[in-house]
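The sequence shown: position 214 = 895 (our numbering), numbered continuously. To start, the structure itself, in structure tokens.
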Amino acid sequence: MTTDGHETDPGAAAQPVQGFMALPNRTEKGREAFSRCLADVVRTVGLDIAPAEGPGDRRTWEHRARVALREACRQGVSLSEESFDALVKAGIHDPDPSSNRQFVEPALNAFGRRRARTALLGYLRTGTDPERAGAARAWYWTALPLRMPLVRARNPGAGRAEPDDRSAVSAEWHEAALREFVANEHLDVRRCLIPGLPLGKSFYRQELHDLVDTATATARSHPDDYIRHRVEHQVGDTGGL
Numbered sequence: 682m683t684t685d686g687h688e689t690d691p692g693a694a695a696q697p698v699q700g701f702m703a704l705p706n707r708t709e710k711g712r713e714a715f716s717r718c719l720a721d722v723v724r725t726v727g728l729d730i731a732p733a734e735g736p737g738d739r740r741t742w743e744h745r746a747r748v749a750l751r752e753a754c755r756q757g758v759s760l761s762e763e764s765f766d767a768l769v770k771a772g773i774h775d776p777d778p779s780s781n782r783q784f785v786e787p788a789l790n791a792f793g794r795r796r797a798r799t800a801l802l803g804y805l806r807t808g809t810d811p812e813r814a815g816a817a818r819a820w821y822w823t824a825l826p827l828r829m830p831l832v833r834a835r836n837p838g839a840g841r842a843e844p845d846d847r848s849a850v851s852a853e854w855h856e857a858a859l860r861e862f863v864a865n866e867h868l869d870v871r872r873c874l875i876p877g878l879p880l881g882k883s884f885y886r887q888e889l890h891d892l893v894d895t896a897t898a899t900a901r902s903h904p905d906d907y908i909r910h911r912v913e914h915q916v917g918d919t920g921g922l
């Protein structure tokens, strides 16, 4: 990987950014979990993909499934409630922090920003460590503008019923991410949280300011090069998704 998936505002035109280390690969392998999640996407969305012929065909099958999903979103697709869950899980378990966008974006467009973010927040709070790390990587893409008008919820009542709010659930996410970064020593979790974790105190209510100091000190003294590198960007971050 040459990018960490977290260098720029996903709602803006892509621009090359200098000075960011690439997000390292996960320390825990989760390819089988992702394949199961992708199979659920194929089934629930109704993609016309033949099953993989065997373990050696898995990567080829995954590529075909990704292409089929991309084409379905381009042509127009109505997504069921089950599809929403499958897309979110695939976005969380996708080992590529750039490709996971193609699962997050249709869920975002069909069901709304608040619902997609609330689902990821749930995984951050109660998921396994790989799910927490994956939720942090997927969260980045929830700031995308809604640009898939042909991707809709099958049940109109489950779709985007309220005006789009790009700040929806942000405060709750930032607090949960801050607490998780301090409390959870799992390397992947900390690596995946820190690119989206603003460490300016203005983002948090007064009673969390000591925790911001703890998170900053933890990151600066961490043995991992990526975390130590990234914290200096986060301390001066004036953005936040």
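Just so you know, even glycine gets a beta-carbon here, dropped at the ideal spot from N, CA and C. Remember, it's a predicted structure, so these values are computed and weren't measured experimentally.
Contacting residues, own chain, Cβ-Cβ under 7 Å from residue i (five flanking each side not counted)
i: residue 913; result: none
i: residue 890; result: 882
i: residue 754; result: 787, 829, 832
i: residue 909; result: 900, 901, 903
i: residue 915; result: 875, 878, 879, 880
i: residue 684; result: Caution is warranted here: a pLDDT of 42 is assigned to residue 684, below 50, making its placement in the model unreliable, and no coordinate value can be reported.
i: residue 783; result: 747, 750, 751
i: residue 919; result: Bear in mind that the predicted position of residue 919 carries a pLDDT of just 49, short of 50, making it unreliable; the figure below should be weighed with that in mind. Excluding positions up to five away in sequence, the list reads 881.
i: residue 725; result: 761, 763, 764, 767
i: residue 700; result: none
i: residue 857; result: 802, 805, 806
i: residue 711; result: 774, 776, 811
Inter-residue CB distance, residue i and residue j (contact presumed, cutoff 8 Å)
i: residue 825; j: residue 861; result: Actually they are not in contact, since the Cβ atoms of residue 825 and residue 861 sit about 23 Å apart, beyond 8 Å.
i: residue 738; j: residue 794; result: About 36 Å separates the two Cβ atoms, so there is no contact after all.
i: residue 801; j: residue 819; result: 6 Å
i: residue 905; j: residue 872; result: 7 Å
i: residue 709; j: residue 869; result: 6 Å
i: residue 821; j: residue 812; result: The Cβ separation is near 16 Å, so there is no contact.
Residues sharing a beta bridge with residue i, DSSP
i: residue 833; result: 759
6 Å Cβ shell around residue i - same chain, five flanking residues per side excluded
i: residue 745; result: 730
i: residue 931; result: Because the chain is modelled from 682 through 922, residue 931 falls outside the range shown and cannot be assessed.
i: residue 772; result: 781, 784, 785, 819
i: residue 814; result: 869, 870, 873
i: residue 714; result: 774
i: residue 816; result: 773, 801, 804, 805
Cβ neighbours of residue i in the same chain (closer than 8 Å, five flanking residues each side left out)
i: residue 896; result: 859, 862, 863, 878, 880
i: residue 799; result: 850
i: residue 823; result: 785, 789, 794, 797, 798, 801, 922
i: residue 827; result: 789, 790, 794, 841, 845
i: residue 867; result: 810, 813, 814
i: residue 693; result: Low per-residue confidence applies at residue 693: pLDDT is 48, beneath 50, and the placement is therefore not dependable, though the value from the model is reported in the following sentence. Once the five neighbours on either side are set aside, residue 693 has no close Cβ partner at all.
Check your understanding: Counting pairs of beta carbons, one from the segment 820 to 836 and one from the segment 757 to 777, are three or more of them closer than 8 Å?
Key -> yes
Review point. Are at least three pairs of beta-carbons, each pair with one atom in the segment 760 to 772 and one in the segment 717 to 733, less than 8 Å apart?
Key: Touching, per the Cβ criterion.
Point to revise | Contact the segment 741 to 751 vs the segment 803 to 810: 3+ CB pairs below 8 Å | key: no
Review point. Is the segment 770 to 784 close to the segment 844 to 853, with three or more CB pairs under 8 Å?
Key: no
Check your understanding: If you scan the segment 768 to 855 from start to end, which runs of the beta strand (DSSP E) of 3 or more residues do you find wholly inside it?
Key -> Entirely contained in the segment 768 to 855, the beta strand (DSSP E) runs reaching 3 residues are, in chain order, 832 to 834.
Check your understanding: What are the uninterrupted segments assigned as alpha helix (DSSP H) that are 4 or more residues long and contained completely in the segment 892 to 920, given in chain order?
Key -> 906 to 916
Check your understanding: Where are the alpha helix (DSSP H) runs, 4 residues long or more, that stay fully inside the segment 709 to 740, in chain order?
Key -> 712 to 726
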